[in-house]
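S.K.: Using my numbering, you'd call the opening residue of the sequence shown number 1 and step up by one each time.
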Amino acid sequence: MVLLVGNSKRIWEPFTEHLRAATEEVGQNPLDAFVEAKIGESLDETLREAADISSVGVVAPPLVFFSQRKYSAFAGSYLPIQRLPPPPGGPPPPPPAGGGGGPTPRSR
Numbered sequence: 001m002v003l004l005v006g007n008s009k010r011i012w013e014p015f016t017e018h019l020r021a022a023t024e025e026v027g028q029n030p031l032d033a034f035v036e037a038k039i040g041e042s043l044d045e046t047l048r049e050a051a052d053i054s055s056v057g058v059v060a061p062p063l064v065f066f067s068q069r070k071y072s073a074f075a076g077s078y079l080p081i082q083r084l085p086p087p088p089g090g091p092p093p094p095p096p097a098g099g100g101g102g103p104t105p106r107s108r
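1. Would residue 65 and residue 47 qualify as a contact pair, given that the criterion is a beta-carbon distance under 7 Å?
2. Please name the residue in 12, 68, 10 and 77 whose C-alpha comes closest to that of residue 36.
3. Per DSSP, residue 70 is paired with what?
4. Measuring alpha carbon to alpha carbon, tell me which of 76, 82, 3 and 74 ends up nearest residue 38.
5. Ordered along the chain, which non-local residues of its own chain (more than five positions away) have a Cβ less than 7 Å from that of residue 15?
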């Protein structure tokens, strides 16, 4: 699953409140850090709730990657979110925008 966080007016009030309350250096990309922290907090809360209703009481945490970070697994490049292959057994990727791109199925 890919989660896209848009730059809308609803993010700015919580973000500026966060900046005003910051007691440490906010770093080079404070908005990225803020969004990553909020996503982490939301995932932690969701996993705790899921574990509470799970029959075994444990839910494995997901692997989380952020598109604005560079990863050594991708030769120090950004994660190619737009070109990630689907998971095994998942649906095929959509055709490229603008059509073309190969043969199309024919009806018989």
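We put the beta carbon where it would ideally sit given N, CA and C, even for glycine.
M.R.: Quick look at the numbers:
1. Residue mapping note: residue 65 aligns to position 65 of the sequence shown, counting from 1. Residue mapping note: residue 47 aligns to position 47 of the sequence shown, counting from 1. No, these two residues do not count as a Cβ contact at 7 Å.
2. Sequence index remark: in the sequence shown, residue 36 carries index 36 (1-based). The candidate whose alpha carbon is nearest that of residue 36 is 68.
3. Within the sequence shown, the letter at position 70 stands for residue 70. Bridge partners of residue 70: 78.
4. Reading the sequence shown from its first residue, position 38 is the one you call residue 38. Comparing Cα positions, the closest option is 3.
5. Residue numbering aside, residue 15 sits at position 15 when the sequence shown is read from its first letter. Around residue 15: 31 and 34.
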